[in-house]
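Here the sequence shown stands for residues 40 to 167, numbered as in our numbering. Glycine included, each C-beta is placed from N, C-alpha and C at the ideal position.
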Amino acid sequence: MPPKLLAIDHIHVFVADRAESERWYQRVLGLRRTPELEFWVTDGGPLMLQDESEQIHIALFERPAKPCRSTIALRVHGSLFRQWQSHLEHELPGAVTFEDHKASVSLYFADPDGNPYEITTYEVALSR
40 MPPKLLAIDH IHVFVADRAE SERWYQRVLG LRRTPELEFW VTDGGPLMLQ
90 DESEQIHIAL FERPAKPCRS TIALRVHGSL FRQWQSHLEH ELPGAVTFED
140 HKASVSLYFA DPDGNPYEIT TYEVALSR
């Protein structure tokens, strides 16, 4: 049996233009630079972004585009799901799809480099 894991620390995301992507991630997902890790940006290292509560971390690497096989799913409380839907439809008109999975509901969209994202909740009754 392997030792227990604590959490997902961060996710590597490859983007063509890190400065443009940083603006997108701030505007669309509310993620900002992690100040204490800004030194990693030099020499091709990651630009670390985090949410306000420092629970979600994404490492932006400026690299040539690669096909992405993974969707990054972010969970929200059911009471905030419709707010996220309105926000995303405002920021990404025509680029957000809704899916009812019965046990959950999700919004799907992609960043400017085609990296797929999902906003989801299992509190379906509260999301309506």
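Between the CA atoms of residue j and residue i - distance to the nearest angstrom
{"i": "L76", "j": "I97", "result": "12 Å"}
{"i": "P74", "j": "I95", "result": "15 Å"}
{"i": "S143", "j": "E162", "result": "7 Å"}
{"i": "N154", "j": "M40", "result": "33 Å"}
{"i": "V135", "j": "P42", "result": "39 Å"}
{"i": "I111", "j": "P132", "result": "20 Å"}
{"i": "V115", "j": "T159", "result": "6 Å"}
{"i": "G60", "j": "H140", "result": "This sequence places Ser at residue 60; Gly is not what is there. Taking the straight line joining both Cα atoms gives about 30 Å."}
{"i": "E157", "j": "F137", "result": "10 Å"}
{"i": "E93", "j": "G84", "result": "20 Å"}
{"i": "L113", "j": "H51", "result": "15 Å"}
Bridge partners - residue i, DSSP secondary structure assignment
{"i": "M87", "result": "A98"}
{"i": "R71", "result": "Q89"}
{"i": "F53", "result": "F100"}
{"i": "S145", "result": "E138 and T159"}
{"i": "L113", "result": "I158"}
Residues of its chain near residue i, where Cβ-Cβ distance is below 8 Å and the 5 sequence neighbours each way are ignored
{"i": "R66", "result": "E130"}
{"i": "L165", "result": "H116, G117, S118 and F120"}
7 Å Cβ shell around residue i - same chain, five flanking residues per side excluded
{"i": "R57", "result": "L86, L99 and E101"}
{"i": "W63", "result": "D150 and P151"}
{"i": "V80", "result": "L86"}
Under 8 Å between C-beta atoms of residue i and residue j
{"i": "L146", "j": "Q122", "result": "no"}
{"i": "L119", "j": "Q89", "result": "no"}
{"i": "K105", "j": "F53", "result": "yes"}
Cut-off 6 Å between Cβ atoms - residues of its own chain near residue i, not counting five sequence neighbours on either side
{"i": "R108", "result": "none"}
CB contact check: residue i to chain C, cutoff 8 Å
{"i": "A112", "result": "The structure shown has no chain C; it contains just one protein chain."}
contact_flag[the segment 44-52, the segment 122-133] where n(CB pairs < 8 Å) is 3 or more:
no
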